[in-house]
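First comes the structure, then the notes that go with it.
Numbering (the numbering used here), first residue to last: 151 to 255.
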């Protein structure tokens, strides 16, 4: 089981925060312990989750009201045991930023 999971998208206001919060809740419901974070390759740093994304999250029983976008960094890639990306170019960005992340992305 992975203990530190990072989800990555572009702006860190839609896909990655939604996957972060949903994954965190699903893991907790299954009695699995993991810390989940998210970041963006071109993050709108400090911005809340997109309004539509917040509405989608609510339909799935979770709220994104505490989320604030953050930029992907080598500190985050090295923190994570598993990095989940949304698109191929996110994978390329992650591995260009931190080549040691290739095997866990």
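Each residue gets a CB set at the ideal place from its N, CA and C atoms; glycine is no exception.
- Rounded to the nearest angstrom, the Cβ distance from residue 233 to residue 158 is 6 Å, consistent with a contact under 8 Å.
- In this structure, residue 203 keeps its C-beta atom at 9 Å or more from the C-beta atom of residue 172.
- Comparing C-alpha distances from residue 223 to each of 189, 199 and 152 shows the shortest one belongs to 189.
- The C-beta separation of residue 163 from residue 251 comes to about 22 Å, leaving the pair out of contact by the 8 Å criterion.
- Looking at 192, 175 and 191, the one whose alpha-carbon comes closest to that of residue 184 is 175.
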